[in-house]
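Visitor:
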Amino acid sequence: MPSGQTSAPTPVTEAGTVSTGKPARRFDPHRFGPVVGLVLLLIVGTALNPDFATWDNMMNVLTRTAFIGIISIGMCFVIISGGIDLSVGSMAALIAGGMILLMNALAGSVGSPVVVVALGMLFALLLGGGFGLAHGYLVTRGRIEPFIVTLGTLGIFRAVLTWLADGGAITLDNGLSDAYGPVYYGSLLGIPVPVWVFLVVSVAGAVLLNRTAFGRYVQAIGSNEQVARFAAVDVDRVKLLTYGLLGVCVGIATVLYVPRLGSASPTTGLLWELEAIAAVIVGGTSFKGGEGRIAGTVIGAVLLSVISNILNLTSIISVYLNAAVQGCVIIAVAFLQRRRP
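Residues 1 to 341 in UniProt numbering are what the sequence shown spells out, letter by letter.
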């Protein structure tokens, strides 16, 4: 080194170690914890029951996950933006009842059962989107807390369905059930149709959240709504769209669910809101908003389904305690999130 020149001081960390100038990589439990948990559960499930690791059982788990998983993706957007929706289970029940009533009414006047089913599916998506936009309007224009809005509609939706069903069940016409069945029971390349739809919605949700201005606005609003307003973000419009998106996701999930049983009753979609919120939180999304990942939400939904499946295949604890286990998971993850830096 030429005389008169001094070398730049070597960065030293607080612990006294030399720094290379690059941030040290360390294990982030909030990002990778759900993956580790899922892997451990798969190992435990295989050890407890050999039937757990079979292809048929895995496809069954993913098919059952599809309903809650699709709703969870929409819920992820709402929670990241700082909102919540407690009505998704009741919303799904009313959408299911409404589309069945419509399809039964059209069965006699429209010739092709396939056309009737297609119209019913379209109606479900429009109804779900409409319900979601109504929530968004009450939250943004009515200035009502999302918890209060969706707590109210939780009761309204299920009460309306109970009234439409006269306290019983609304059943799909047998002829339409045959035409509608492949939507749930069909498969493509050996993979059930609901799993394919779940995959498509997951990829679309990830792209929307991470690769578009809308996704950045959702995260900005959840991080600091006031700063987002100062940055010229149309906060009310973005919130309105997040609730509308969740409503469409509920409609898609309902479209896949109806052919499974071919009916809708006051118990349809019961506790789906708990499972959807649990999947989002377990997947690493902050309940306070501003941060979240679609991939984590998908893993969270699968993880909860795997827990339920293990309980069904083994006798560790009663299957009736599934909701209790999910509740414990929510509380545990919420406690861990309080310790986040």
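Just so you know, even glycine gets a beta-carbon here, dropped at the ideal spot from N, CA and C. All values reported here derive from a predicted model rather than from experimental measurement.
Under 6 Å Cβ to Cβ from ILE252, same chain only, skipping five residues before and after it: list those, please.
Guide: Within the same chain, ILE252 has close Cβ partners ILE70.
Visitor: Assign CYS328 to buried or exposed, taking buried as 16 or more other Cβ atoms, counted over all protein chains shown, within 10 Å of its Cβ.
Guide: Flag for CYS328 reads exposed.
Visitor: Going by alpha carbons, who is nearest to GLU273 out of SER72, GLY167, ALA264?
Guide: Here the closest residue by C-alpha is SER72.
Visitor: Whole angstroms are fine: how far does the CA of GLY129 sit from the CA of ILE221?
Guide: Those two C-alpha atoms are separated by around 21 Å.
Visitor: Counting only the same chain and skipping the five closest in sequence on each side, list residues whose C-beta sits under 7 Å from that of residue 363.
Guide: Outside the displayed range of the chain (1 to 341) lies residue 363, so it cannot be described from this structure.
Visitor: Is it the case that the Cβ atoms of PHE77 and LEU245 are separated by a distance below 7 Å?
Guide: Yes; because the gap between Cβ atoms is below 7 Å, this pair is in contact.
Visitor: DSSP puts THR285 in a beta bridge; with which residues?
Guide: For THR285, which the question treats as bridged, DSSP gives no partner whatsoever.
Visitor: Would you kindly report the start and end of the unbroken alpha helix (DSSP H) that includes ALA93?
Guide: Per DSSP, ALA93 belongs to the alpha helix (DSSP H) from 88-106.
Visitor: Is ILE317 helix, strand or coil when you go by DSSP?
Guide: Looking at ILE317 - three-state DSSP - the assignment turns out to be coil, as it is neither helix nor strand.
Visitor: If I'm right that SER223 touches GLY290 with Cβ under 8 Å, what's the distance once you round it to whole angstroms?
Guide: Contact flag correct, Cβ pair sits at about 3 Å.
Visitor: Would you call the region 165-174 and the region 259-271 touching, i.e. three or more CB-CB distances under 8 Å?
Guide: These segments touch.
Visitor: Measure the CB-CB distance between ILE68 and GLU275 and report whether it falls below 7 Å.
Guide: For ILE68 and GLU275, yes; Cβs fall inside 7 Å.
Visitor: Give the straight-line distance between the Cα atoms of ASN322 and GLY111, rounded to the nearest whole angstrom.
Guide: If I take the Cα positions, the gap works out to 44 Å.
Visitor: Is there a C-beta anywhere in chain B that falls below 7 Å from the one on ARG216?
Guide: Annotation note: the requested chain B is absent from the structure, which comprises a single protein chain.
Visitor: So, for ASN49: in the same chain, excluding its five sequence neighbours on each side, which residues have a beta-carbon less than 7 Å away from its beta-carbon?
Guide: Here the set comprises LEU313, THR314.
Visitor: Here's the rule I'm using: 16 or more other beta-carbon atoms within 10 Å means buried, otherwise exposed. How should VAL203 be labelled?
Guide: With fewer than 16 other Cβ atoms within 10 Å, it is exposed.
Visitor: If you draw a straight line from the C-alpha of ALA228 to the C-alpha of ARG141, how long is it?
Guide: If I take the Cα positions, the gap works out to 18 Å.
Visitor: Could you check which residue in LEU42, ILE299, PHE214 has the C-alpha nearest to that of ASP234?
Guide: Nearest option by C-alpha distance: PHE214.
Visitor: Given that a residue counts as buried once 16 or more other Cβ atoms are within 10 Å of its Cβ, and exposed if not, what is GLN226?
Guide: GLN226 comes out exposed.
Visitor: Could you check what DSSP says for ALA231 in three-state terms: helix, strand or coil?
Guide: Three-state result, ALA231: coil.
Visitor: Measuring alpha carbon to alpha carbon, tell me which of VAL255, ALA278, LYS239, ASN210 ends up nearest VAL197.
Guide: That would be VAL255, whose Cα lies nearest to the Cα of VAL197.
Visitor: Which residue comes first and which comes last in the alpha helix (DSSP H) that contains PRO194?
Guide: Its alpha helix (DSSP H) spans residues 193-211.
Visitor: Taking the alpha helix (DSSP H) that ARG141 belongs to, which residues open and close that run?
Guide: Neither: ARG141 is in no alpha helix (DSSP H) and is coded neither H nor E.
Visitor: So, helix, strand or coil for ILE84, using DSSP?
Guide: Note: ILE84 maps to coil in three-state DSSP.
Visitor: Can you list, in chain order, the residues of its chain whose CB lies under 6 Å from that of MET121, leaving out five sequence neighbours each side?
Guide: Correct list, in chain order: VAL255.
Visitor: Which of the three DSSP states, helix, strand or coil, is assigned to PRO23?
Guide: Note that PRO23 scores 47 on pLDDT, short of 50, meaning its location in the model is unreliable; the coordinates nonetheless yield the value given after this. Looking at PRO23 - three-state DSSP - the assignment turns out to be coil, as it is neither helix nor strand.
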